[in-house]
Amino acid sequence: MAGTKGLSRKKKDWIAAYIFVAPLTIGIFVFYIFPFIQNFWFSFNNVNKFNIATFAGLENYKELFSDKQFYRTFGNTLRYVFVTVPVGLSLSLLIAALLNTRIKGKSLYRTIYFLPSVTMAAAVAMVWKWIFNDQSGILNGLMKWLGLPTQAWLTDSGIAPYAVMVVGIWMTAGYNMIILLAGIQGISNSYYEAAAIDGAGAVKQFFKITIPMLTPTIFFVLITSIISGFQVFDTIYMMVGKTNPAYESTQSVVMMFYRNAFDYGHKGYAAAISIVLFAVIMLITVIQMIGQKKWVNYD
Amino acid sequence: MKKNIKKLAALGLTAVMCIGVLAGCGGKNNGGESSGDGDGTGSGKTRLTVGIWDEKQKPALEEIIEKYTAAHEDVEITVQTTPYKGGEYWTKLEAAATGGTAPDIFWINVLHAESYYEGGILKDLSDAASEMDLAANYPEALVSAYNFDGKQIAVPKDFDTNALWYNKEIFDKAGVAYPTDDWTYEDLTETARQLKEAGLDEGVWPFACPVDFQTWYYPTVFAAGGWILNDDKTETGYEDTKTQEGIQCWIDMIDEGLSPTAASLSETTSDTLFGSGQLAMNLAGSYMTPEYLSNDALTGKIDLVEFPEFNGVEPNVINGLGYAVYEGTKNEAAAVEFVTWLGGEEAMKIQGESGTVISARNDAQHYFAESNTDINLAAYTNHADIASPLPVCTDAAELYDLEANKIKLAYAGDMTLADACKELKEEADALIQK
Amino acid sequence: MRKKTHAKNIFVHLALFAGVGITVFPFLWMILTSFKTKGEAMQIPPTIFPENFVTAAYHTVMEAMPFAQVYLNTIISTVVTVAAQVVFCTMAAYAFARIKFPGRNILFMVILSVLMVPGQIFLVPQYLIIQKAGLLDTLPALFLPNLFSAFGTFLMRQFFMSLPKELEEASVLDGCNRFQTFGKVMLPLVKPGIVALVIFTAKFAWNDFMWPLIINTSQDKMTLAPAMSFMNGQYLTNIPAQMAGAVLAVIPMVVLFFVFQRQFIEGVAHTGVKG
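Structure representation (structure tokens):
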């Protein structure tokens, strides 16, 4: 830092900042931003399977906005996000809180809750497909045993979207819990000690101390859950096939993207789908970022 | 304490990155050899790569390669397998072709042939084709499927047709006579009724009718005299009453309770049902043979007969893979020579004898049937010459999806088949005319 | 007082246990199925316990690929990815969180946008980059693009932002420059965040399927997840083998998690982080 002695502290700071940010930024630009820009360009072209692009202006977007299927998949995806995010977040928060108490076997519980998120998606989909199976699934077996009517969990257009959400939440609650737990660990004990002295019980402490102090982490989990909710693909792709009557009501935007990009070879159209998706997610994220000032407590 | 951890971490990180880089460097040398851009002359041998997607066929292919390289010592051939299941084979092939490093020779099917031809990544094999006299040695349907604008872009490798499998144990239990090769569709439904009346175990069905075009309804559509695509691919034939006849016959079986519902079958496929002994009869393509034979729950209990006659015609749809040569290959001569050999008598014989697929070459088709004399595999090849080719166009994938979307509504009873087909024709025509 | 804690503990245990049931059951079923024969695994109605415990599926998995090599590749790829991300992401995150430099917000949003598009759009472009670098079908190809993570940067930024500003001011008064502040003061305090990042990155790198499959071809350059898929035929899945593969793949993750969480999460809670 010898050569910079003459610079103001502010400028030194800036140089330091750029050095800190450099490796990551360069890497992301090379491997991600450049493809992102190429994808954006593709959305204004007709692109075949071998990346040969013929300029098409706004054709893809025009077609997209008059495509009934697109609106349907978007509706499905919105519904998916609006249910899985709050439910998932609440569950993860609850589990994290429970796991933060002084009970025995915490490590074991934590590991168990973490298991689903670390298992291969293909295996997870297979197992849940069997659980939900109309004729021979365990769930319907349980329903029969309880004297309740069996349901077509994965083939009924009304029920299947929710069955799929269950799997989604099951898979992700675990690591959201980890992140929240990590956040909770970072809250200084002194707050809790002071509250205990003031006579506050566990539940009150949770709502008055834990949650407010946890808001940066909650914010993170919220944003990432929304982003990954909008991008749901794997589980639905593997559990609901094309001849499934519930296909239309469960298909997500990314599934439509995938089909157009890889099955049909309409990469330009697919790119347009991805850009619209991006715009929506970005909008929601920006709104969140602005809104965070109201409820997120950074020290 | 924290300082030490930090130092340790930094050391560990450096060590791991070194390992990673070193391993990578070591790997790079190997990688250069097995990626598709064989330089050949450097080390004296010409290197070829063959891209396939079925591990089961690898042993046969390796035997073929062994025989070839024994006679051509200057060539070294490696096989690259990429699974097909999620479409990865095609994604990878397309990425590699875009970057110029696709395998020298690779498997191709009719679904992708046209778009790959238009994408310019397939070598014109017309010279080799005439040398091999494809027209005389191969079924016409297969040769023309890989011929565009007069250019032959793939050598037919194998084909598959469909047949009716049955579970002898279920038949014995119900006291019903086994199916035979000269069955008709009426015999099929009648026997299904008999099985049902005789009383089957819980969860066991006489037959299954999934929304499956290749194995179920296209064969009967063509047998009824219907059509899906016209010759210049400008119109679809869904509204033709004969076409609808070929689809309705299967819906009727569901309505009569002889098959699980289409919704149920979309969850548990007919193959899974048959494989676990829950289905008395099932239609299946020849590619299912290795799967059924390796299923220990079915050993000794199954056999097959020809696809039941429909409308007086022996229905079937033929679909075949081909060997294509990559347009950007750096070893054109060697690749074409090997492909020529692959389409020759000996290679086709080895492939057929493995019992995994039916060799496309006329004089090699019988090996498949002979590979297992315990069961009636000839049911697949007996009438292969009159089978109809799978209808394809550039937008085949999208067309099939549209079709499935609408037809399944008719199967579910949400719409009549006539209405579903009317809407389907509108959408399908719009698609292929784009 | 004692009774109250006891009752509370029982309640907590009950609640957790209920959740455990639904969490663990699919996983248990997965393990049990890995010990069934191919035919039995397809049985309808499905059985829970195998009739006979057979290890055939595990043999299939281990014979279908150069197992030890594939396992090692997965370990190396994961470790390098995790290590690199910890370094690159925490560095960048600190700057984003704590240093007001020109273009900070815009740059951050640009980086964040990477998360908002379907991941598949990066497949082919990254493939072409790796191919031009001559690194196709190599070990580094497996991890190179994954060394840089928008998610990781975002995560660490949140953790940095939740630390009190006074810490840095104190550090500056002590005469530290930015780098020393980062290394000596800030970094140790975000250990929980780093743990979360390690766990998340490890899980992603370990189970990554599509990228290794596309970028590498030789079996001995594969990682676990794609290597498993080679066992499946075009039409039918070898169910017990798939389950066996998933079990084999998940064990190291579980072990890693178990060890790590003890090391750091509980460690931090007891050192009284903020004085």
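Chains as they are written, first to last, in my numbering: chain P, 641 to 939; chain C, 3 to 436; chain V, 40 to 314.
Even for Gly, the Cβ is constructed at its ideal location relative to N, Cα and C.
If you scan the segment 314-389 of chain C from start to end, which runs of the alpha helix (DSSP H) of 4 or more residues do you find wholly inside it?
334-344, 347-355, 368-372, 380-383
Give the secondary structure of V/V234 by DSSP, where H, G and I count as helix, E and B as strand, and everything else as coil.
helix
Please report the Cβ distance between V/K223 and V/C215, rounded to the nearest whole angstrom; I am assuming they are in contact, meaning their Cβ atoms lie under 8 Å.
7 Å
According to DSSP, simplified to helix, strand and coil, what is V/E90?
coil
Does any residue of chain V bring its CB to less than 8 Å from the CB of P/Y909?
no
Need the endpoints of the alpha helix (DSSP H) that C/Y413 sits in, please.
398-414
What is the DSSP secondary structure of P/W793, reduced to helix, strand or coil?
coil
Does DSSP put C/M283 in a helix, a strand or coil?
strand
Interface residues of chain P around V/V153 at Cβ under 8 Å?
I668, Y672, I673, F676
Contact set for C/E35: own chain, Cβ-Cβ below 6 Å, skip 5 residues either direction
Below a pLDDT of 50, predicted positions are generally treated as unreliable, and C/E35, at 38, falls in that range; no measurement from the model is reported.
Quick one: is P/G931 near chain D, going by C-beta distance under 8 Å?
The question asks about chain D, but that chain is absent: this structure's protein chains are P, C and V.
Quick check on C/E204: does DSSP put it in helix, strand or coil?
coil
Partner residues on chain V for P/P852, Cβ-Cβ distance less than 9 Å:
None at all; the shortest Cβ gap to chain V is about 11 Å.
If you compare alpha carbons, which of P/L664, P/I799, P/K744 is closest to P/Y887?
P/I799
On the DSSP bridge list, what partners appear for C/R49?
C/E78
Could you work out which residue in P/Y672, P/K784, P/V806, P/Y753 is closest to P/N816 when comparing CA atoms only?
P/Y753
Chain C contact residues for V/V211, given Cβ-Cβ distances below 9 Å
Within 9 Å Cβ-Cβ: nothing; V/V211 doesn't reach chain C, min ~20 Å.
At a Cβ threshold of 8 Å, is C/T263 touching chain V?
no
Going along chain C, which residues have a C-beta under 9 Å from P/A792?
A265, S266, E269
Does the Cβ-Cβ distance between C/S272 and C/L260 come in under 8 Å?
no
Residue(s) in a DSSP beta bridge with C/F161
C/G322, C/I360
When you check each C-beta in the segment 81-100 of chain V against every C-beta of chain P, which residues fall closer than 9 Å?
Q82, I83, P84, P85, I87
P/G814 versus V/F297 - alpha carbon distance
14 Å
Please report whether the beta-carbon of C/I123 lies at a distance below 8 Å from any beta-carbon of chain P.
yes
Near C/D387, which residues of its chain fall below 7 Å by C-beta distance, leaving aside the five closest residues on each side in sequence?
P141
Neighbour list for P/A775 in chain C, Cβ cutoff strictly below 7 Å
One detail in the question is off: residue 775 of chain P reads as Gln in this sequence, not Ala. Under the 7 Å cutoff, chain C gives G205, S266, T270.
Are the beta-carbon atoms belonging to P/S914 and V/I160 less than 8 Å from one another?
yes
Pick helix, strand or coil for C/Y148, following the three-state DSSP scheme.
coil
According to a CB-to-CB cut-off of less than 7 Å, which residues of the segment 852-886 of chain P neighbour chain C?
G881, K882, T883, N884, P885
Count the other CB atoms within 10 Å of the CB of C/Q353; is the residue buried (16 or more) or exposed (fewer)?
buried
Check: C/L295 C-beta below 7 Å from any heavy atom of the ligand MG
Of ligands this structure carries none, so the ligand MG is not represented either.
Proximity test, Cβ basis, 8 Å: P/F710 and chain C
no
Is it the case that the Cβ atoms of V/M249 and V/M104 are separated by a distance below 8 Å?
no
I need the DSSP call for C/Y168, collapsed to helix, strand or coil.
strand
Cα separation between V/P164 and V/P141?
30 Å
On the CB-based measure, 16 or more other CB atoms within 10 Å of its CB, does P/V926 come out buried or exposed?
exposed
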